[in-house]
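Chemist: I am attaching a structure below and will ask some questions about it afterwards.
In our numbering, the protein residues as written are 1268 to 1420.
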């Protein structure tokens, strides 16, 4: 019985450390990239001038996080709540920490070094953006680590 209790406590502590060691994205900003390659900073973009988006953010320092290569998954959620994705451009699925299967738009591998590295992820959906509010969700190792958004008019 004591071994079972200790095992349960150990498992609970491991889960808490896993949660505490999750990455955190700060200062999430979304930039529009025009078909000509020009970048525009702001919250609202015209659909005809929006070819790709660039999501820029910093990974917060966390002494509990291992310094290693990490996958950053980006979910672009359109105004109707659907995930903007295309298998041909690197979209896929992942499992959240809670065990849910989710779709992602793109992913990028980054080297986490615990010195607040800046990260930029560029995504081109291949299809025109609809008018309305888009949300950007960032995930790593099954955890939501940050979010942002932009509007298309």
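A virtual CB, placed ideally from N, CA and C, is assigned to each residue, including glycine.
1. Below 8 Å, how does it come out for the region 1377-1389 and the region 1322-1329: are there three or more Cβ pairs, yes or no?
2. Quick one: Cα of residue 1370 to Cα of residue 1409, how far?
3. In the DSSP assignment, what are the bridge partners of residue 1371?
4. Just to confirm my understanding: we take residue 1389, look at its own chain, exclude 5 residues before and 5 after, and list those with CB closer than 6 Å. What are they?
5. For residue 1336 and residue 1300, what's the separation of their Cα atoms in angstroms?
6. Taking DSSP as the reference, what is the three-state secondary structure of residue 1352?
7. Report yes if the CB atom of residue 1361 is closer than 8 Å to the CB atom of residue 1340, and no otherwise.
Modeler: Taking the structure as given:
1. Touching, yes, given that three or more Cβ pairs across the two stretches are closer than 8 Å.
2. The count along the chain shown starts at 1 and reaches residue 1370 at position 103. The count along the chain shown starts at 1 and reaches residue 1409 at position 142. One C-alpha to the other measures close to 12 Å.
3. One-based indexing of the chain shown puts residue 1371 at position 104. Partner(s): 1359.
4. For the purposes of this step, residue 1389 is taken as the residue at position 122 of the chain shown. Closer than 6 Å at the Cβ level, and outside the excluded window around residue 1389, lie 1319 and 1321.
5. Taking the first residue of the chain shown as position 1, residue 1336 is located at position 69. Taking the first residue of the chain shown as position 1, residue 1300 is located at position 33. One C-alpha to the other measures close to 27 Å.
6. To locate residue 1352, count along the chain shown from 1; it is residue 85. Three-state result, residue 1352: coil.
7. Walking along the chain shown from the start, residue 1361 turns up at place 94. Walking along the chain shown from the start, residue 1340 turns up at place 73. For residue 1361 and residue 1340, yes; Cβs fall inside 8 Å.
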